[in-house]
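Q:
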Amino acid sequence: ATKFTVDGGAIQTYTGPFVVSGDGVHSVKYWSIDNLGVQETPKTLNLTIVTVVNRAPVAKCKDMTVSVGANCSADASINDGSFDPDAGDTITVSQTPAGPYPVGVTIVTLTVTDNKGASASCTSTVTVIDNTPPTIFCPANMTLNTAPGACDAVVTFAATAMDNCSGVTVNYSHASGSSFPKGQTSVIATATDAAGNATSCSFTVTVNDVEPPKIVTHA
Numbered sequence: 004a005t006k007f008t009v010d011g012g013a014i015q016t017y018t019g020p021f022v023v024s025g026d027g028v029h030s031v032k033y034w035s036i037d038n039l040g041v042q043e044t045p046k047t048l049n050l051t052i053v054t055v056v057n058r059a060p061v062a063k064c065k066d067m068t069v070s071v072g073a074n075c076s077a078d079a080s081i082n083d084g085s086f087d088p089d090a091g092d093t094i095t096v097s098q099t100p101a102g103p104y105p106v107g108v109t110i111v112t113l114t115v116t117d118n119k120g121a122s123a124s125c126t127s128t129v130t131v132i133d134n135t136p137p138t139i140f141c142p143a144n145m146t147l148n149t150a151p152g153a154c155d156a157v158v159t160f161a162a163t164a165m166d167n168c169s170g171v172t173v174n175y176s177h178a179s180g181s182s183f184p185k186g187q188t189s190v191i192a193t194a195t196d197a198a199g200n201a202t203s204c205s206f207t208v209t210v211n212d213v214e215p216p217k218i219v220t221h222a
């Protein structure tokens, strides 16, 4: 049989794993006794017990300002170098909401989790700004004749505007459907998006007087 003591405690018969309580150096003395009752010289084993405590990761956030993308939103990471203080641990990082983020200010929570399940979080803001002007296409230059018996012509037209966000309005220096005098008139079309970004284009409207004069005789 094998006998042992832990830290000078009671003699025990070894039947499997034994329990050592508390951190520090523990002295285990053990010896064997044969079936004739002869005991070998005791041996001493010093065990150093250190309890390893998993430390939570460190979450570090930063506010972000980004420009809007093609779908009127943008991706952004608020992670500012989050890390785990325990060597060898790995971390995963997630954001809530995950994004993409719309134009404006969104409060985002960053959560950092290590491979042992400990986690930490922090909060920052993501500001998405729209600084991209819309695109506008003017109609081709137009040439018309004056209306019969008049010195002008009614002209209708429309420019085409596109933007990465909705809410584009188009304004004209001369309204479509209005009367244009004979000669050449420059029309400026301006597209403005919801953020106030604007783009302009221009085209000309030429009105020709092709009606010959009339001779009026008096009796």
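All you need for the working numbering is the position in the sequence shown, starting with 1, plus 3.
Even glycine gets a Cβ: it sits at the ideal position worked out from N, Cα and C.
For Asn-57 versus Lys-119, is the C-beta spacing smaller than 7 Å?
A: yes
Q: For Thr-195, list the residues DSSP reports as bridge partners.
A: Thr-172 and Ala-201
Q: Going by CA-CA distance only, name the one from Val-53, Ala-62, Gln-42 and Thr-193 that's closest to Ala-121.
A: Ala-62
Q: Under three-state DSSP, which class holds Ala-62?
A: coil
Q: Quick one: what's Ala-121 bridged to in DSSP?
A: The partner list for Ala-121 (beta bridge, DSSP) is empty, contrary to what the question assumes.
Q: What number of angstroms, rounded off, separates the C-alpha of Val-111 from the C-alpha of Gln-187?
A: 56 Å
Q: Taking C-alpha atoms, which residue in Val-157, Ser-179 and Asp-196 lies nearest to Thr-172?
A: Asp-196
Q: Quick one, are the C-beta atoms of Asp-83 and Asp-117 less than 7 Å apart?
A: no
Q: Which stretch, first to last residue, makes up the beta strand (DSSP E) that contains Lys-32?
A: Counting along the chain, the beta strand (DSSP E) containing Lys-32 begins and ends at 27–35.
Q: How big is the Cα-Cα spacing for Thr-277 and Thr-93?
A: Summary: the structure shown does not reach residue 277, with the chain confined to residues 4 through 222, and so no result is reported for it.
Q: Using DSSP with H/G/I as helix, E/B as strand and the rest coil, what is Leu-39?
A: coil
Q: Hey, Pro-136 and Ala-201 are a contact pair by Cβ (cut 8 Å); roughly how many whole angstroms apart?
A: 6 Å
Q: Which two residues bound the contiguous beta strand (DSSP E) that contains Asp-155?
A: It spans 155–158 - the beta strand (DSSP E) in which Asp-155 sits, taken as one unbroken run.
Q: Among Ala-59, Lys-185 and Ala-77, which has the Cα closest to the Cα of Ala-123?
A: Ala-59
Q: Using DSSP's beta-bridge definition, name the partner residues of Asn-82.
A: Cys-64
Q: Can you check whether the CB of Val-71 is closer than 7 Å to the CB of Tyr-104?
A: Between Tyr-104 and Val-71, the C-beta spacing is not below 7 Å.
Q: Classify Ser-85 as buried or exposed, calling it buried when 16 or more other Cβ atoms lie within 10 Å of its own Cβ.
A: buried
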